[in-house]
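Residue numbers (the numbering used here), protein chains in the order written: chain E, 7 to 167; chain U, 237 to 990.
Every residue, glycine too, gets a C-beta built ideally from N, C-alpha and C.
Here the structure is a predicted model, which is why all the values come from computation and not from measurement.
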Amino acid sequence: MRRSQVQTRLNGNDIDFLCEPRQSLLEVLRDELGFTGSKEGCNNGNCGACTVIMNGRIVNSCCVLAVETEGAEIQTIEGVAHGEKLHPLQQAFLEEAALQCGICTPGFIMSAKALLEREPNADEARIRHWLAGNLCRCTGYDKIVKAVLSAEPQLQEAKQS
Amino acid sequence: MTTVEKPVYSVIGTRPIRPDGVEKVTGKAQYGADVHLPGMIYGRILRSPHAHARIRSIDTSAAAKHPGVLAVVTHGDLPAADDRVEELGETAVNVRELSSNILASDKVLYRGHAVAAVAAASPHVAEEALAKIKVDYEVLPAVVDVRDAMREDAPLLNEARRTKSMGGQVSDRPSNIASHNQFKAGDVEAAFAEADVVVEREFTTKMVHQGYVEPQNATAAWNSDGTLTVYTSTQGAFAVRAQLSEILRHPLARIKVVPMEIGGGFGGKTVVYLDPVAAVLSKKTGRPVKLTMNRAEVFEGTGPTSGTYIKIKAAAKDGRLTAVKATLAYEAGAYPGSSVGAGAMTMLSPYDVENFEIDAYDVVVNKPKTAAYRAPGAPAAAFATESAVDELTKKLGIDPLDFRRNSASRMGTRMVNGIAFPRIGNEETLDAAINSPHYRSPIEGPNRGRGVASGYWFNAGMQSSVTAAVNSDGTINLIEGSTDIGGTRASLAMQLAETLSVPYETIRPTVADTDSVGHNDVTGGSRTTFASGLAVYEAGMDVRRQMCARAAKLWSVDPDDVVYEGGKLRCTKDSTRELTFSELAKQSARTGGPIVGKASLLARGAGGAFATHIVDVEVDPETGKTTILRYTAVQDVGTAIHPAYVEGQIQGGVVQGIGWALNEEYAYDESGRMLNSSFLDYRMPTTLDVPMIDTIVVEVPNPGHPYGVRGVGEVPIVPPLAAIANAIADATGHRFTDLPMSPRRVLEALEGLE
Ligand code: FES
Ligand code: FES
């Protein structure tokens with residue numbers, strides 16, 4: 007099958023890649039570019055494990071065709087920490103024990119990050135509503151919701167400094 | 237947190253960050269599907285569209301010619317398998333049946349049964365080639381419900397199958413009932429005759445899936461020297477190696493299984509599906525081959541847990557449970573081996589009941605072969621017992637927890653298998669539930685109700701092997717072989733830190749491949765923190781002994797005069813002689829070489845776990861939807877090594893139980909086709925479906941472990957089904973006996989009431 011060239015921005019770097027029209031963004035990220043932090047749980051938009059931020063919005067990367075990302079700005083879990091400095095959400099997930107197996111964690115962090123960038127003071131109900139597209143089978147969500155709540159003040163502090 | 241006689245610990249009971257945490261929150265952790273090897277190609281599997289059919293022929297010639305295809309395999313590419321049962325860690329499997337489940341031989345026994353596989357340059361090309369494989373099926377009548385399968389005129393999955401009973405009897409007629417066992421004591425009929433109240437009910441539950449978010453995957457590299465390396469997502473690398481060895485007839489030492497990070501298992505990732513297929517595809521092509529399942533394949537082609545039918549009759553006298561008679565029939569799926577035995581053996585454990593008679597049937601049906609799922613067998617059985625007990629207490633007008641307290645099992649009470657309980661924490665758990673803020677608060681408002689239920693799980697011991705290598709700078713590499721699904725690297729490192737009185741941060745735990753550590757059984761049966769923890773403790777004690785001997789040598793004193801205390805070595809005869817752990821570690825080269833503590837053991841003394849749950853619900857009479865308003869899970873954990881991960885296990889188990897109670901089921905049409913094999917239609921709980929889950933951790937130390945550890949992970953899924961049913965009965969006045977209690981079912985029942 008003929009491959010097309012796509013130019014895009016990934017975690018702040020300009021990149022280009024070749025892909026088949028039938029390949030999803032998730033597949034290209036994982037299999038072609040070696041960014042395996044985004045996970046595949048269902049490949050049809052029902053689990054959120056593949057969540058990335060594209061042009062400021064969260065998307066299920068399994069449901070985006072790679073060719074659609076021409077000119078887009080994409081952020082994946084690999085672009086969230088600054089070197090050894092973790093993002094407050096990542097730190098909160100660790101401290102609150104918000105992951106068990108961890109397969110859902112990249113998706114939850116990307117979703118939660120997009121939420122807190124819009125609504126830095128989101129309450130429990132809002133967080134639960136926003137994260138309803140991300141499945142976690144291990145934690146029962148309790149510690150995930152608490153981790154997001156506990157990251158809020160840290161995130162605001164980090165912004166101010 | 238309730239505490240019973242607890243020693244003072246310095247590391248145990250704290251909440252440090254897990255050693256693998258940073259990798260997992262930054263996306264760097266390598267899970268099975270993340271493996272990429274040079275020259276790697278991709279495989280896909282063709283699966284049966286029929287629930288039951290004979291395979292007349294398979295024509296793979298067109299697929300093999302499809303551009304980009306490198307190999308096609310069928311059952312004929314697997315070595316002939318013996319018809320014999322092998323013990324594989326937690327479960328025993330028949331090798332021939334396992335092999336036929338990997339790739340179907342003469343018959344397909346369920347929709348989704350693997351039939352052939354293709355390896356190609358890309359997964360898309362492999363997928364295209366699957367469409368070119370021609371399978372000629374003779375479709376046979378299918379049977380998908382356990383009670384239908386037990387009928388004498390039911391279609392037979394295997395004409396040669398006879399029913400085996402306890403004591404070795406074999407039926408003379410073929411049957412789908414693979415086995416019948418009985419547990420019996422006292423005189424149930426006499427107890428029923430003199431009871432104050434008797435309740436008799438029938439319950440059903442549907443097949444449900446573990447629902448781990450990461451699909452199965454395997455990448456195999458068959459090397460030209462005949463060694464095989466398999467990278468996979470599994471709860472037990474050694475169990476995978478053993479199954480590969482049996483199926484491929486290849487020596488254990490020539491197979492290396494590399495356990496990648498695992499995205500959930502809950503019992504489902506103990507048996508192999510893809511690994512042998514990837515291996516034969518790799519052997520045929522000379523290339524590493526990666527196979528991954530999609531979600532529909534996970535639902536249709538891996539092992540969920542049984543649908544069940546349970547009939548129970550229970551009696552009470554003088555405010556206590558006095559007799560239970562029960563029949564349990566569990567769907568094993570395509571091959572024998574459901575968890576009905578564990579259901580029968582756990583269903584009465586919370587009670588000291590003298591008279592019982594339990595019949596347990598293991599039944600094959602045209603559905604995927606079931607696998608373990610968190611406390612396998614126990615939740616459905618507890619659904620029946622705990623619902624019946626609730627009804628008894630309603631009839632007697634007694635508080636349901638007081639009734640349970642009056643009838644509670646304790647040390648010395650005999651389980652249904654005749655074995656007496658050692659020290660258990662059932663009564664302490666019930667007391668903590670009775671005194672909990674939740675239970676003491678009123679439940680008010682229309683359409684609201686409260687339910688309680690208890691549950692039990694054995695917890696397992698089994699084999700573990702670890703080494704603790706002391707480095708010259710005083711840090712320690714802990715090499716273990718137990719898959720870390722939810723924080724066991726942390727819980728094991730913490731136990732080593734406690735044993736050696738060294739900082740937790742100085743220990744680096746690694747989950748090693750099968751070439752690099754002694755045999756470890758699966759992470760299952762809630763065994764890892766207990767049994768591998770015991771091995772870690774022993775390895776730590778081994779390090780202490782070696783260090784005492786070294787210090788004695790350095791000081792030219794008798795080893796008996798050296799003690800290890802608080803991370804220091806001291807001479808009891810000479811107070812000027814003292815060395816810290818790191819100081820002595822630095823001198824290991826000069827004092828006899830590396831210091832490596834080892835332990836390999838078969839852990840005995842696993843401590844059973846009890847849980848009692850309290851739940852408040854509101855049932856919407858317009859839609860039939862049940863909302864969980866408040867949930868409190870009380871559980872005896874022995875000792876909570878890392879309390880946050882203990883709470884997490886409890887919360888996760890509860891929410892799986894909520895899903896099982898309210899929404900989850902394998903829905904089938906008459907032909908045996910699963911109708912909801914996606915996460916959209918098989919609705920697992922989301923953040924919106926559950927509240928915060930409160931936990932009350934009770935600590936009654938297990939005498940079989942130096943730190944009192946019991947298993948934690950499984951029992952939390954046992955009580956929720958009944959607790960929620962009891963709460964719905966309280967809210968609506970209607971007793972639900974069939975799961976799931978979905979809005980449609982609830983609405984139908986409530987409309988029937990009017
Ligand atoms: S993998 Fe994309 S939503 Fe599940
Ligand atoms: S931590 Fe395992 S799925 Fe969320």
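With 6 Å as the limit, the residues whose C-beta approaches any heavy atom of ligand 2 more closely are E:L105, E:Q106, E:C107, E:G108, E:I109, E:C110, E:C142, E:R143, E:C144, E:T145, U:V449 and U:G500, in sequence along the chain. Beta-bridge pairing by DSSP links S401 of chain U to U:H416. Spatial neighbours of G754 of chain U in its own chain (CB-CB distance under 6 Å, excluding positions within 5 residues in sequence) are listed in chain order as S701 and S836.
Contacts with chain U (Cβ-Cβ distance below 9 Å) from the region 135-158 of chain E involve H135, W136, L137, A138, G139, N140, L141, C142, R143, C144, T145, G146, Y147, D148, K149, I150, V151 and K152, listed in chain order. Each of U:P540, U:I679, U:D588 and U:A559 was checked against the Cα of A570 of chain U, and the nearest Cα belongs to U:P540.
Judged by DSSP in its simplified three-state form, N713 of chain U adopts strand. Interface criterion met: the Cβ of A87 of chain E is under 9 Å from a Cβ in chain U. Interface annotation for the region 523-548 of chain U against chain E: N530 and R531, criterion Cβ-Cβ distance under 7 Å. The DSSP-derived three-state label of M783 of chain U is helix.
Taking a C-beta cut-off of 8 Å against chain E, the contacting residues of the region 264-294 of chain U are K264, A265, Q266, Y267, A269, D270 and H272, listed in chain order. Of the other Cβ atoms in all chains shown, 16 or more fall within 10 Å of the Cβ of L334 of chain U; this residue is therefore buried. When DSSP states are grouped into helix, strand and coil, I281 of chain U belongs to the strand group.
The beta carbons of C107 of chain E and E450 of chain U sit closer together than 9 Å. Only H360 from the region 350-361 of chain U bring a Cβ to less than 7 Å from some Cβ of chain E. In the three-state scheme derived from DSSP, where H, G and I count as helix and E and B as strand, N453 of chain U is classed as strand. Contact of I83 of chain E with chain U by beta-carbon distance below 7 Å involves T262 and G263. The alpha-carbon of V435 of chain U is positioned some 10 Å away from that of S623 of chain U.
The straight-line gap separating the alpha-carbon atoms of E536 of chain U and A568 of chain U is approximately 14 Å. Counting C-beta pairs closer than 8 Å gives three or more between the region 815-822 of chain U and the region 707-714 of chain U, which meets the contact rule. Here A705 of chain U is not near I721 of chain U, since their CB atoms are 9 Å or more apart. Legend: CB atoms of the region 27-51 of chain E lying less than 9 Å from CB atoms of chain U belong to residues R28, Q29, E33, R36, D37, G40, F41, T42, G43, S44, K45, E46, G47, C48, N49, N50 and G51. Interface criterion not met: the Cβ of L71 of chain E is under 9 Å from no Cβ in chain U.
Ranked by Cα distance from F23 of chain E, the first of E:A55, E:N17, E:S10 and E:W136 is E:S10.
Taking 9 Å as the threshold, the shortest C-beta distance from F23 of chain E to chain U does not fall below it.
W693 of chain U is bridged by DSSP to U:A845. Here DSSP, grouped into helix, strand and coil, assigns K520 of chain U to helix. Not a single heavy atom of ligand 1 lies less than 8 Å from the C-beta of K526 of chain U. For Y609 of chain U, the closest Cβ of chain E is not nearer than 9 Å.
Taking a beta-carbon distance threshold of 9 Å, P112 of chain E counts as an interface residue toward chain U.
A distance below 9 Å separates the beta carbons of N602 of chain U and P391 of chain U. In chain order, Q106, C144, T145 and G146 make up the part of chain E whose C-beta sits under 7 Å from the C-beta of G888 of chain U. W458 of chain U has U:L464 as its beta-bridge partners, per DSSP. Note that the region 915-924 of chain U does not touch the region 849-863 of chain U; fewer than 3 beta-carbon pairs, one per stretch, sit closer than 8 Å. Under the three-state reduction of DSSP, Q823 of chain U is assigned to coil, being neither helix nor strand. With respect to chain E, the C-beta atom of Y587 of chain U has no partner C-beta closer than 9 Å. By the C-beta density criterion, I655 of chain U is exposed, having fewer than 16 other C-beta atoms within 10 angstroms.
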